[in-house]
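Engineer:
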Amino acid sequence: EAQVTQNPRYLITVTGKKLTVTCSQNMNHEYMSWYRQDPGLGLRQIYYSMNVEVTDKGDVPEGYKVSRKEKRNFPLILESPSPNQTSLYFCASRDIDGNQPQHFGDGTRLSIL
Amino acid sequence: GNSVTQMEGPVTLSEEAFLTINCTYTATGYPSLFWYVQYPGEGLQLLLKATKADDKGSNKGFEATYRKETTSFHLEKGSVQVSDSAVYFCALSGSRGAQKLVFGQGTRLTINP
Chain A
3 EAQVTQNPRY LITVTGKKLT VTCSQNMNHE YMSWYRQDPG LGLRQIYYSM NVEVTDKGDV
63 PEGYKVSRKE KRNFPLILES PSPNQTSLYF CASRDIDGNQ PQHFGDGTRL SIL
Chain B
67 GNSVTQMEGP VTLSEEAFLT INCTYTATGY PSLFWYVQYP GEGLQLLLKA TKADDKGSNK
127 GFEATYRKET TSFHLEKGSV QVSDSAVYFC ALSGSRGAQK LVFGQGTRLT INP
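Chains A and B are the protein sequences, given in the same order.
Residues 3 to 115 in my numbering are what the first sequence lists, from first letter to last.
Residues 67 to 179 in my numbering are what the second sequence lists, from first letter to last.
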């Protein structure tokens, strides 16, 4: 089954404690992306990757890092989380052709206290 | 830059009512247009798409037509069901560069029996 898998689904943690949200896809997609979803703001892109070792900033990259060492994995790293990063996060992937739809994971709800 | 504007929610309808959710966009070039749906506790799923002017996307009784002259992609359904209750996102994929997906703010739809 084609899918994008994120872990964890829920996490409550404290300010400053480094955390990583993993994302893996099994569709051999070149393009992967991270979004955060906040009420009234829709989804905003954090970082994206066009292929292995190729990453770039989205609209709201501050406070986040990513890496793309393998095609299937695209982890999101919060080196020093802060309360304003409390949000619902989605990983997505698609074929390199931007006319193709993105496939989304089920989301990770992060609460930073 | 590219942007998408959706009608504000929440929208509440009775079962079998006619649904329209308005979506207009601003973009350079010739973007592809999408509607995604998010059911409670889940990630976004593609509902329908259109890749060029006058294309009509359709799925599960929902339809939307790519209108370049009015820069619109309104979502319609003739007779809604309780199971259609969800959040609906209009989005566009730019036609240049990384072809970033830009979302509207989402419209929460509730259907009462």
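The beta carbon of each residue, even a glycine, is placed where N, CA and C say it ideally should be.
1. Is the shortest distance between the beta-carbon of A:D108 and the beta-carbons of chain B less than 8 Å?
2. Alpha carbon to alpha carbon, how far is B:E142 from A:F106?
3. If we call anything under 8 Å between Cβ atoms a contact, is A:Y50 one with A:G60?
4. Which residues of the stretch 88 to 105 of chain A have a Cβ closer than 7 Å to any Cβ of chain B? Give them in chain order.
5. What does B:L167 reach in chain A if we use C-beta pairs closer than 7 Å?
6. Just to confirm, are B:F84 and B:A116 a CB contact at a threshold of 8 Å?
7. Pick from A:R38, A:N30, A:Q8, A:I14: whose alpha carbon is nearest that of A:T24?
8. For a test of the three-state rule: what should DSSP assign to A:N86, helix, strand or coil?
9. Give the secondary structure of A:V62 by DSSP, where H, G and I count as helix, E and B as strand, and everything else as coil.
10. When burial is assigned at 16 or more other CB atoms within 10 Å of the CB, is B:T176 buried or exposed?
11. Closest by CA to A:I98, which one among A:Q5, A:T88, A:K20, A:M29?
Structural biologist: On the basis of the coordinates in this document:
1. Yes, because at least one Cβ of chain B sits closer than 8 Å to the Cβ of A:D108.
2. 23 Å
3. In this structure, A:G60 lies closer than 8 Å to A:Y50 by Cβ.
4. Only those residues of the stretch 88 to 105 of chain A whose C-beta falls short of 7 Å from the nearest C-beta of chain B are listed: F92, G100, N101, P103, Q104.
5. Q104
6. no
7. A:Q8
8. helix
9. coil
10. exposed
11. A:M29
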